[in-house]
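Let me begin by presenting the structure, written as structure tokens, before commenting on it.
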Amino acid sequence: MRLQQQESIPGNDFGSTLRVLVAEQEQAVRDALVERVHDALGVQADAVNTASAVRKLLNTHAGEFVLAVVDTRLPDAPEGEVLEPLISNQVPTIAISSRVTEEVAARLQDRHIIDCVLKRSDEDTELIADLVTRTLLNHQRKILFYSSNDFNRKIIRQLLDIHRYTVIDVRTEADVRRQLDTNRDISLLLVDHHAIKHDELTLINSLRQYYRREDLSIAAVCELPDHSCTARLLRAGANDVISKPYQPDEFYYRIKQCVESVERVREIKFSATRDSLTGLYNRDYLFDVGEKIYASAQRGDIQLSMAMIEIDDFDNLTTQYGIEVSNEILKTIAPILQNELRKNDVLARYNAGTFVCLASNVGDHNAIMVFERIRQLIAKTPVQYGANVLGISGSIGVSTYPDETFIAMIGNAQEALNQAKEQGHNCVIVTN
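Per the working numbering, residue 412 is the first one in the sequence shown, and the count goes up by one each step.
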């Protein structure tokens, strides 16, 4: 172990790639929004209190703003006039209003207006800040749009781009299936009305054999309100049917509901199977899925390697530096393991300072190389805490052949780990 001073610690540079404009006449609300967005995302907002200042910022930083949050009743723009330059500059905007007049309501119909939040209490500030955070993070949410019509694909993409969704558009059923197989984190399949016919109803029905409603939302966009068509689509497995013509805010809310319904289920599943500190799989999930993978290895379907990775002297580090430092160690090491292992490998936090990895079809020689590389990376990675840097190392035990049971294989990996620690730590021992 070694502890040394460090001059500075790099922060989150996410904010440097985004520019947000906040226009609010009440300083307390304005400051609260700026602080909340900065704390959540590291984004530094440009905050002003007049429409003229908004215009000046738009001229000075043309094309740079990804989002605006504006009060529709600014001192020099009491009827929402501030929305006009934002709309003309195609800046996605969240409107804040204490009351909505006819003039303001008309301007709110533009597709670049993401939402309008009524300002009534301090709690609304949190609601607005959450909406800003969600919008800026929408790029993490994937939507697959299926249409054979080039113009419709362009229009829908433009609408979804305003909300910063990651959009994948495809022309054929084969492309739909290929994308769903490749991108398992797609939340919504949006089907255009040009693709709604018997074959596509069959497509939706067949997809439901593999993707439940809580795993993948499916929404169809119909040209005209057709109740019989709507019923057929819902019966086939669609979560929603959006009828044209629609207002942009209706379209956005329906999309949001479809995406959020899947997200809520994913969050529940995540919390049930993940370690809250590192985000890796937890011990319960390891034993659950491990038994199934082990059974495949016993049948000869796959070759299974198991590694037990332990931070050296983890208990002593916790005693000497405290739980916050040991937590920082785990949060530093977890992404190293994730980056070095494949997506189909199972990586779990086994106990306090120990991780277990199940790797399929790696081969004995490659397994040794992989975990030796991981050992070296752990030893080279400093853990930053406050103004200090803590040097750490790890010992690794590897079992490359299934024993009589999954539990026995874990025991073999544990025994190899114990040998690594007996040999002075910071090494890899393999048993087969």
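C-beta: ideal position from N, C-alpha, C; glycine also.
- Excluding five sequence positions before and after Ala-831, the CB atoms of its chain that fall closer than 7 Å to its own CB belong to Ser-806, Ile-807, Gly-808, Cys-838, Val-839 and Ile-840, given in chain order.
- With contacts defined as CB atoms closer than 8 Å, Ala-456 and Val-431 qualify as a contacting pair.
- Annotation: the continuous beta strand (DSSP E) that includes Asn-799 extends over 799-801.
- In the structure shown, Arg-784 falls within a helical segment according to DSSP collapsed to helix, strand and coil.
- Glu-625 is the residue among Glu-625, Tyr-812 and Val-757 whose C-alpha sits nearest the C-alpha of Val-676.
- Along the length of the segment 443-514, whole alpha helix (DSSP H) runs at least 4 residues long occupy 462-471 and 494-499, reported in chain order.
- Leu-769 sits close to Ile-704, with the two beta carbons spaced by under 8 Å.
- Using a Cβ distance threshold of 8 Å, His-523 and Asn-549 do not count as a contacting pair.
- Classified as buried, Lys-530 has 16 or more neighbouring CB atoms from the shown chains inside 10 Å of its CB.
- Counting along the chain, the unbroken alpha helix (DSSP H) around Tyr-696 starts and ends at 694-710.
- Gln-825 is classed as buried because its beta carbon has at least 16 other beta carbons within 10 Å across all chains shown.
- When C-beta atoms of the segment 667-675 are compared with those of the segment 632-647, fewer than three pairs fall below 8 Å, so the two segments do not count as touching.
- For Gln-668, the uninterrupted alpha helix (DSSP H) segment begins and ends at 659-684.
- Taking C-beta atoms as the reference points, Ser-810 and Thr-842 count as a pair closer than 8 Å.
- Looking at the backbone, the Cα of Val-448 and that of Val-543 are separated by about 7 Å.
- DSSP places Gly-805 in the strand class (E or B) of the three-state scheme.
- For Leu-752, no beta strand (DSSP E) encloses it, and the DSSP letter there is neither H nor E.
- Annotated as distal: Leu-444 and Ala-462, with beta-carbon spacing of 8 Å or more.
- For secondary structure counted as the beta strand (DSSP E) over 3 or more consecutive residues, the segment 532-580 holds these complete runs in sequence order: 553-557.
- Rounded to the nearest angstrom, the gap between the Cα atoms of Asn-777 and Asn-823 is 19 Å.
- Using a 10 angstroms sphere on the CB of Arg-510, the tally of other CB atoms stays under 16, which defines it as exposed.
- Counted as a single uninterrupted DSSP element, the stretch harbouring Tyr-796 is not any alpha helix (DSSP H) but the beta strand (DSSP E) occupying residues 794-796.
- Note: Cys-768 is bridge-paired with Ala-718 and Leu-758 in the DSSP secondary-structure output.
- Per DSSP, the continuous beta strand (DSSP E) segment holding Thr-842 begins and ends at 839-842.
- Look at the beta carbons and you see the segment 544-564 touching the segment 574-583: at least three pairs across the two are nearer than 8 Å.
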